Structures are given as structure tokens and as C-alpha cells.
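Only one structure is covered here, and it is reproduced in the block below.
Numbering (the numbering used here), first residue to last: 436 to 658.
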């Protein structure tokens with residue numbers, strides 16, 4: 436593994452998207468290795484080599500500093516703790532403010548994303564049909580986003596981002612969720628505070644570089 440940094444990612448995975456943002460924000464160069472989540476049995480995420488790296492057969496997986504890390508929250512916190520001098524810190528110094536950021540992160544990570552996870556969506560579709568699955572997924576995304584909208588709006592300090600004038604881990608998690616929400620048919624315009632923040636985040640180079648459409652395994656127009 437050496438000194439190289441390797442990210443195993445899938446272009447449309449919101450969890451991998453979070454880690455890409457954090458890596459770009461910290462200015463950490465990395466090698467992108469695509470993991471096809473649609474490859475089927477014994478390939479992509481289920482291939483033996485990848486399963487050995489990440490037994491949960493999920494993305495992202497990050498190889499860094501001689502370690503193999505998985506789960507986006509754990510990876511992003513590791514990058515924050517080990518690369519404090521690179522980029523602006525993603526957590527405030529104040530303990531209460533840090534707790535608020537982590538609350539927003541978990542509203543997305545624990546409250547919304549698991550219910551739009553590809554495995555969950557696939558199983559609900561099998562049990563209830565495509566139409567019921569689509570409505571079920573949108574219902575839970577809307578529920579989570581409304582809670583997040585309320586939390587962020589109450590804490591909003593007038594800056595361009597979730598918790599003021601500095602990007603935090605909450606922003607790193609919000610952007611991928613906004614992308615996924617739109618993909619599942621939930622418009623971010625229904626959540627004005629979050630939508631305003633997302634528009635500001637789009638302007639940041641680190642966030643733009645991490646966008647799914649800019650990844651090497653993203654489908655190309657006309658391909």
C-alpha cells in the first residue's frame with residue numbers, strides 16, 4: 436500500500452461522494468478505483484479481492500497511511516483528525532457547535548441515507564413493487580430533510596453554509612444527500628434553507644471536483 440492513497444468508490448454513491456469531498460477539501464491527492472455496484476455476483480463489490488478489503492461489500496473504502504478504512508463518517512473523521520493542517524477544519528472548536536454539526540451529520544447518515552440505500556430500495560421493490568417503493572423512499576427522504584431543514588434553520592447564523600461562514604462536516608454530508616434526493620424525485624426547493632446552502636456549496640472547487648458526474652466511472656453522454 437505504501438504512501439499512496441487509494442479510494443474505492445462508485446460515482447453515484449452518496450457515501451463515497453462525502454469522502455471525495457473531504458479528500459479534495461483537505462487537498463489530499465488520491466487514486467480513484469471504481470467499484471461497480473451493479474456488477475452482480477462475484478464481481479464489483481462482491482469480488483473476492485474487494486470483499487477482503489471491505490467485508491461489508493460497500494463503498495467507500497480508503498487505503499491511507501498503511502491502513503484500510505471504511506464507513507464514511509469514520510473516514511471523514513480520520514481525515515479531519517490526521518490532516519488538521521490541511522484545509523479549514525471541518526469541525527468547530529466549540530463543543531456545543533461540534534455537537535450541532537454531528538447532529539446534522541447523523542440526521543443524514545443514520546436517518547435518511549440507510550432508507551435510500553440501494554440494497555434497501557431493491558428489497559422494498561421486490562416486496563411491494565416499484566411504485567410503492569418509489570413513494571416509500573420519497574416519504575422517508577422528505578421526513579428526514581424536513582427535520583434537517585428545521586435543525587439547520589434554527590442554528591443558521593446568516594452565513595453561506597450550514598453553521599455559518601465556514602464549511603463543516605454537515606456541509607460535506609448535505610451536498611451528497613441533496614444530489615440523491617433529487618435523483619429520487621424529492622426537490623430541494625421544498626427546503627429553502629438547505630437549498631440555499633447547497634447552491635453556495637456548488638461554487639466551491641472541492642465540492643465541484645467530487646461531483647458524481649465528474650468521476651471516471653460516471654456514464655458519458657452518448658456512450
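Even glycine gets a Cβ: it sits at the ideal position worked out from N, Cα and C.
Just so you know, these numbers come straight off a predicted model, no measurement behind them.
Measuring straight from C-alpha to C-alpha, what distance separates residue i and residue j?
i: residue 446; j: residue 494; result: 10 Å
i: residue 458; j: residue 498; result: 12 Å
i: residue 563; j: residue 571; result: 10 Å
i: residue 538; j: residue 601; result: 17 Å
i: residue 528; j: residue 474; result: 43 Å
i: residue 636; j: residue 492; result: 30 Å
i: residue 708; j: residue 566; result: Since the first residue of the chain shown is 436 and the last is 658, residue 708 is not available in this structure.
i: residue 509; j: residue 656; result: 34 Å
i: residue 467; j: residue 439; result: 11 Å
i: residue 666; j: residue 503; result: This structure does not reach residue 666, given that the chain is present from 436 up to 658, and the question cannot be answered.
i: residue 534; j: residue 472; result: 33 Å
i: residue 464; j: residue 542; result: 29 Å
i: residue 582; j: residue 649; result: 30 Å
If I follow the unbroken alpha helix (DSSP H) through residue i, where does it start and stop?
i: residue 631; result: 627-636
i: residue 614; result: 604-618
i: residue 448; result: Neither: residue 448 is in no alpha helix (DSSP H) and is coded neither H nor E.
i: residue 589; result: 565-590
i: residue 642; result: 640-644
Please list, in chain order, all residues of the same chain as residue i whose beta carbon is under 7 Å from its beta carbon, the five residues on each side excluded.
i: residue 633; result: 609, 610, 613 and 623
i: residue 568; result: 556, 559 and 560
i: residue 513; result: 504
i: residue 536; result: 526, 527, 598, 603, 604 and 605
For chain D, is any of its Cβ atoms less than 8 Å away from the one on residue i?
i: residue 600; result: Among the chains of the structure shown, chain D does not appear; only one protein chain is present.
Leaving out five residues on either side along the sequence, give the residues of the same chain with a beta carbon under 6 Å from the beta carbon of residue i.
i: residue 550; result: 575
i: residue 525; result: 515, 603 and 604
i: residue 626; result: 580 and 584
i: residue 518; result: 461
i: residue 506; result: none
i: residue 486; result: 492
What are the boundary residues of the beta strand (DSSP E) that residue i is part of?
i: residue 444; result: 441-444
Answer yes or no: the CB of residue i versus the heavy atoms of the ligand ZN, is any distance below 7 Å?
i: residue 564; result: The ligand ZN is not among the ligands present in this structure, which contains no ligands whatsoever.
Who are the Cβ neighbours of residue i in its own chain at under 8 Å, not counting the five residues just before and after it?
i: residue 644; result: 455 and 459
i: residue 484; result: none
i: residue 577; result: 621 and 625
i: residue 593; result: 599
i: residue 477; result: 483
Counting only runs of 4+ residues fully inside the stretch 508-553, write out the alpha helix (DSSP H) ranges in chain order.
530-544 and 548-551
4-residue-minimum alpha helix (DSSP H) runs that sit fully inside the stretch 458-513, ordered along the chain:
483-488
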